[in-house]
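S.K.: Counted from 1, the sequence shown has number 761 at position 256 by the working numbering; the numbering is strictly sequential.
Dropping the structure in here first, questions after.
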Amino acid sequence: MRSEGESPLRVRVLACESLGVRAFAARVDTPAGTLVVDPAVALAPRRQGFPPAPEELQAFYAAWDRIREALQEARFVAITHYHHDHQLPYLPDVFPDPPPRVFLKSPEDTNRSQKARAAFLIENLRKRGIPPEFPQGTQVDLGQEVSVWFSPPLFHGATPRLGTVMMVGVRAKNRRVLITSDIQGPVREEHLEAILHFAPHVLFLDPPMAPGGKMPEEFFSLMNRLFAELPLLEVVVVDHHPLRDPQMARWWKALNHRASAHGVRMMTGAEWNGTDTTLLEAQRAERWKARMRETEGWG
Ligand SMILES: [Fe+2]
506 MRSEGESPLR VRVLACESLG VRAFAARVDT PAGTLVVDPA VALAPRRQGF PPAPEELQAF
566 YAAWDRIREA LQEARFVAIT HYHHDHQLPY LPDVFPDPPP RVFLKSPEDT NRSQKARAAF
626 LIENLRKRGI PPEFPQGTQV DLGQEVSVWF SPPLFHGATP RLGTVMMVGV RAKNRRVLIT
686 SDIQGPVREE HLEAILHFAP HVLFLDPPMA PGGKMPEEFF SLMNRLFAEL PLLEVVVVDH
746 HPLRDPQMAR WWKALNHRAS AHGVRMMTGA EWNGTDTTLL EAQRAERWKA RMRETEGWG
């Protein structure tokens, strides 16, 4: 895990694409206790014509073990939206005793499928006696000079088709870490404005999908403004959606070039943790084909 020097915040990515799974789960250790953001993990059932490779199943269970362990120590849990790679309806069964405070994305202003999944999770929280809190668009004081800012609802991407998400920004003394959740951006003015508003020192960012390595031009122009207008930004941890594409090196190079021009270090979630990037979904077909070649003639 990367230590942030004198920072009162320690962040560890629990699950994400560079750790071989679909997720953007993190634990943030603060002087007020541990906050776990989006404790869930998923795999694409079919990609490049193949089911998950055995390595992906291993990565899935390893990620889930890390999440379960983090939840045992959690005093706070935040759910940024209701897609399967960010929350699970049976999460309350995994919570410790006494359970953590649970901050949920408001379900009213999102799409129909997210609303239905939210209702399921809320029902299970209530069954365990946990009153969910809906802090969207506000700041919550956790004590010990720690607060968490929850953004107003932001589009999951460029359009409302996939519903909305809530970003999570943690502040301890003068140190700020922002997890964008699935904005798949910035690709809209509101995405950029919300990030600039919180002005993080460390930004965990989910950029847009980039099929064939081609990233929308809008993203680069908003990132140029982000780098220029955030002089305190030190590190951008880039992960999630676009790391599912085998051609990711194409946009990574272009973005890294812009980041370093502003003195910002760019890395994957795995690299932030101090481990190697392992892109399993992006390499699914390749891995299955290698496996089939190895076992040829054995049947
Ligand atoms: Fe996601």
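Virtual Cβ for every residue (Gly too), placed ideally from N, Cα, C.
Here the structure is a predicted model, which means the values were calculated and not measured.
In three-state DSSP terms, what is G717?
M.R.: For this step, residue 717 is matched to residue 212 along the sequence shown. Correct three-state label for G717: helix.
S.K.: One question on the structure: do L659 and T669 come within less than 9 angstroms of each other, judged by their Cβ atoms?
M.R.: Residue numbering aside, residue 659 sits at position 154 when the sequence shown is read from its first letter. Residue numbering aside, residue 669 sits at position 164 when the sequence shown is read from its first letter. Their beta carbons are under 9 angstroms apart, which means L659 touches T669 by this criterion.
S.K.: Do R527 and ligand 1 come close, with the Cβ less than 8 angstroms from some heavy atom?
M.R.: Counting from one through the sequence shown, the residue named residue 527 turns up at place 22. At least one heavy atom of ligand 1 is nearer than 8 angstroms to the Cβ of R527, so yes.
S.K.: Can you list, in chain order, the residues of its chain with a C-beta nearer than 6 angstroms to that of E734? Leave out the 5 residues immediately preceding and following it.
M.R.: Numbered from 1 along the sequence shown, position 229 holds the residue referred to as residue 734. Excluding positions up to five away in sequence, the list reads L701.
S.K.: So, is G674 buried or exposed, given that buried needs 16 or more other C-beta atoms within 10 angstroms?
M.R.: By 1-based counting over the sequence shown, the position of residue 674 is 169. When all chains shown are included, G674 counts as buried.
S.K.: According to the neighbour-count rule (16 or more other Cβ atoms, all chains shown, within 10 Å of its Cβ), is M506 buried or exposed?
M.R.: Numbered from its first residue, the sequence shown carries residue 506 at position 1. Residue confidence is low: M506 scores 45 on pLDDT, short of 50, so the model does not pin down where it sits. No coordinate-derived value is stated.
S.K.: With F806 as the anchor, note down where its alpha helix (DSSP H) starts and where it stops.
M.R.: Residue 806 falls outside the range modelled here, since the chain spans only 506 to 804, and no answer is possible.
S.K.: Here's the rule: buried if 16 or more other CB atoms are within 10 angstroms of the residue's CB, otherwise exposed. What is D570?
M.R.: Sequence index remark: in the sequence shown, residue 570 carries index 65 (1-based). Exposed is the call here.
S.K.: Give me, in chain order, the residues of the same chain whose beta-carbon lies closer than 8 angstroms to that of N729; leave out the 5 immediate sequence neighbours on both sides.
M.R.: In the sequence shown, the residue the question calls residue 729 occupies position 224. Once the five neighbours on either side are set aside, the close Cβ partners of N729 are R763.
S.K.: In angstroms with no decimal places, state the Cα-to-Cα distance between E522 and V607.
M.R.: For the purposes of this step, residue 522 is taken as residue 17 along the sequence shown, with counting starting at 1. For the purposes of this step, residue 607 is taken as residue 102 along the sequence shown, with counting starting at 1. When rounded, the distance between both Cα atoms is 25 angstroms.
S.K.: Counting contacts by CB-CB distance shorter than 9 angstroms, is H696 in contact with chain C?
M.R.: Looking for chain C here will not work: only one protein chain is present.
S.K.: Whole angstroms is fine: what's the gap from R755's alpha carbon to L785's?
M.R.: On the sequence shown, residue 755 is found 250 positions in, with the first residue counted as 1. On the sequence shown, residue 785 is found 280 positions in, with the first residue counted as 1. Their backbone Cα atoms lie some 18 angstroms apart in a straight line.
S.K.: How would you write the range of the alpha helix (DSSP H) that I627 sits in, first residue to last?
M.R.: Along the sequence shown, one-based indexing puts residue 627 at 122. Element bounds for I627: 617-632.
S.K.: Is the beta carbon of H805 within less than 8 angstroms of some heavy atom of ligand 1?
M.R.: Beyond the ends of the chain as shown, which are 506 and 804, falls residue 805; an answer cannot be given.
S.K.: Grouping DSSP H, G and I as helix and E and B as strand, with all else coil, what is S508?
M.R.: Looking up residue 508 in the sequence shown gives position 3. Legend: pLDDT at S508 = 46, less than 50; position of this residue unreliable, value from coordinates given subsequently. The answer is coil: DSSP assigns S508 none of H, G, I, E or B.
S.K.: Reducing DSSP to helix, strand and coil, say where V651 ends up.
M.R.: For this step, residue 651 is matched to residue 146 along the sequence shown. Reduced to three states, the DSSP call for V651 is strand.
S.K.: Using the Cβ count rule (16 or more neighbours within 10 Å means buried), how would you classify G779?
M.R.: Looking up residue 779 in the sequence shown gives position 274. Exposed.
S.K.: Give me the residue from H591, L576, H586, K719 with the minimum Cα distance to D598.
M.R.: The sequence position of residue 598 within the sequence shown is 93, counting from 1. It is L576 whose Cα lies nearest to the Cα of D598.
S.K.: Grab the span of the alpha helix (DSSP H) containing L701 for me, first residue to last.
M.R.: Counted from its first residue, the sequence shown places residue 701 at position 196. Per DSSP, L701 belongs to the alpha helix (DSSP H) from 694-703.
S.K.: DSSP beta-bridge partners for V526?
M.R.: Position 21 of the sequence shown, counting from 1, holds the residue named residue 526. DSSP output for V526 lists no bridge partner at all.
S.K.: Excluding the five sequence neighbours on either side, which residues of its own chain have a C-beta within less than 6 angstroms of the C-beta of V707, listed in chain order?
M.R.: Translated into the one-based positions of the sequence shown, residue 707 becomes position 202. V682, V740, listed in sequence order.
S.K.: Using only the alpha-carbon positions, how far apart do S630 and A795 sit?
M.R.: Here residue 630 corresponds to residue number 125 of the sequence shown, with the count starting at 1. Here residue 795 corresponds to residue number 290 of the sequence shown, with the count starting at 1. At residue 630 the sequence reads Leu, which differs from the Ser that was named. Roughly 44 angstroms separates the two Cα atoms.
S.K.: Is it true that the CB of P713 sits closer than 9 angstroms to the CB of G768?
M.R.: Looking up residue 768 in the sequence shown gives position 263. Looking up residue 713 in the sequence shown gives position 208. No, Cβ-Cβ distance for G768 and P713 is not below 9 angstroms.
S.K.: Report yes if the C-beta distance between E791 and P747 is below 9 angstroms; otherwise report no.
M.R.: Taking the first residue of the sequence shown as position 1, residue 791 is located at position 286. Taking the first residue of the sequence shown as position 1, residue 747 is located at position 242. No.
S.K.: Could you spell out the range, first to last residue, of the alpha helix (DSSP H) harbouring L800?
M.R.: Residue 800 sits at position 295 when you count from the first residue of the sequence shown. Note that residue 800 is Thr in the sequence shown here, rather than Leu. Counting along the chain, the alpha helix (DSSP H) containing T800 begins and ends at 789-800.
S.K.: Skipping 5 residues on each side, what residues in its chain have a beta carbon closer than 6 angstroms to that of N616?
M.R.: Translated into positions along the sequence shown, residue 616 becomes position 111. Hits under 6 angstroms: G668.
S.K.: Contact defined as beta carbons within less than 8 angstroms: I believe L596 pairs with E638. What is the distance between those atoms, to the nearest angstrom?
M.R.: Here residue 596 corresponds to residue number 91 of the sequence shown, with the count starting at 1. Here residue 638 corresponds to residue number 133 of the sequence shown, with the count starting at 1. About 15 angstroms; that fails the 8 angstroms criterion.
S.K.: Would you check whether ligand 1 has a heavy atom nearer than 8 angstroms to the C-beta of H746?
M.R.: Indexing the sequence shown from 1 puts residue 746 at position 241. Checking the Cβ of H746 against ligand 1 gives yes.
S.K.: Is the beta carbon of D687 closer than 9 angstroms to that of H586?
M.R.: On the sequence shown, position 81 is the one that residue 586 refers to. On the sequence shown, position 182 is the one that residue 687 refers to. Cβ atoms of H586 and D687: closer than 9 angstroms.
S.K.: With a cut-off of 8 angstroms on the beta carbons, I'd call V546 and A531 a contact; round off their distance for me.
M.R.: In the sequence shown, counting from the first residue as 1, residue 546 sits at position 41. In the sequence shown, counting from the first residue as 1, residue 531 sits at position 26. Not quite, the Cβ-Cβ distance comes to about 12 angstroms (not below 8 angstroms), so this is no contact.
S.K.: Under the DSSP definition of a beta bridge, which residues are partnered with L609?
M.R.: As a first step, residue 609 must be located in the sequence shown, where it is residue number 104. Partner(s): I584.
S.K.: Where DSSP assigns a beta bridge to M772, which residues make up the other side?
M.R.: Here residue 772 refers to the residue found at position 267 of the sequence shown. Paired residue(s): V742.
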